[in-house]
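Residue numbers (the working numbering): 990 to 1271. Since the structure comes first, as structure tokens, the remarks are kept for the end.
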Amino acid sequence: MKTEEHAAMSVQDARYVEFLQWVLPRLGLHWPGFRKVRRQVIKRIARRIRALQLADLDHYRRFLQSHEQEWRMLDRFCRITISRFCRDRATFELLAREGFPELIDLCRSRGENLLRCWSAGCGAGEESYSLALVWAFDVALRVRDIRLSILATDIDPAQIARAQRGCYPTSSLRELPPLWREAAFVEGNGRYCIKPEYRQPIRFAVQDLREAAPSGPFHLILCRNLAFTYFSEALQEATARRINAALAPGGMLMIGSHESLPDAAVGFDQWRPPLPICRKRR
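Printed below as a string of structure tokens:
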């Protein structure tokens, strides 16, 4: 019986894979980035098919072809929302130890007193708050003349609303030092809410990275586990150009630990290989 169930699941999975390979290019996305996370997307699409009372995936395909507005809904289903505080902790530790000091020097050399960061595709805010915590606990006590400013953007208004609430399950905080968790969060009903003083440097906004970028220049941009994993090759190249234009000369770009910039991206050098931080040439 189990063999039959596995065979049925395999056939269904293959059908959804073929469907994703058909729809993703239209959304500016590409299949290779979705291989390992496809089940999250498949579950959402399956729920949508049931909600529309359609018979199966073939009927949903025909529904898409006759209902243009449904593509916007499908686009939402293809957003991957996996994150946690200080994900890839070694990268954040290096940022605190060497990256922020160099960026502080960059600010001073430009006659600026505000270190501007952009977190692109910020999701529910874990990455943005991670930056604020690294600054508060590892940098701010030694630096008095430079302040931190973080703009955090995401395409999904619901994710931005979650980020603004700033409350998370224990699992999201597992890579944080225990002392940081105790100092920066208030615990209640199994959730941890970040205190107001650690929210202060951050502004959240809805924006689609595929279409636009905020005006720079930024000293640090984080674009991790989004554009250079899920976007199509052409869109990755366009995003790299957009980021380059928004980044100050000498500024840093942090990408995901399993990502790399497209070959067509120019003007960047690896900063501390093999960690995924690049620096814009001066």
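Just so it is clear, CB atoms sit at the ideal spot from N, CA and C, and this is done for glycine as well. Bear in mind that the values here come from a model prediction, so they are computed numbers and not experimental data.
The residues W1169, A1173, Y1187, in chain order, have a CB closer than 7 Å to that of L1122 in the same chain once the five nearest residues on each side in sequence are set aside.
Burial state of A1003 is exposed, judged by a 10 Å Cβ sphere holding fewer than 16 other Cβ atoms. By the beta-carbon neighbour count (other beta carbons within 10 angstroms, threshold 16), L1250 is buried. Nearest Cα to W1020 within the set Y1219, G1100, C1096, I1149: Y1219.
Note on P1265: 16 or more other CB atoms within 10 angstroms of its CB, so buried under the neighbour-count rule. Straight through space, the alpha carbons of I1031 and I1139 are spaced by roughly 34 Å. Distance from the Cα of D1077 is smallest, within the candidate group F1066, L1104, F1089, E1115, for E1115. In the DSSP assignment, H1208 falls outside any alpha helix (DSSP H) and within the unbroken beta strand (DSSP E) covering 1207–1211. Residue state for R1097 is assigned as helix, using DSSP reduced to three classes. Going by DSSP, T1080 is part of the alpha helix (DSSP H) stretching over 1078–1083. Collapsing the DSSP output to three states places V1175 in a strand.
The three-state reading of DSSP puts P1238 in strand, counting E and B together. Distance between E1200 and S1160, taken at the CA atoms: about 32 Å. Membership of T1159 in any alpha helix (DSSP H) is not indicated, and neither H nor E is assigned to it by DSSP. Under the DSSP assignment, S1117 falls in the alpha helix (DSSP H) whose first and last residues are 1115–1123. With a contact defined as Cβ atoms closer than 8 Å, D1127 and A1079 miss out at about 14 Å.
Its Cα nearest to that of T1228, the residue R1213 stands out among L1046, R1213, I1038, V1006.
In this structure, the beta-carbon distance from R1068 to D1145 falls below 8 Å.
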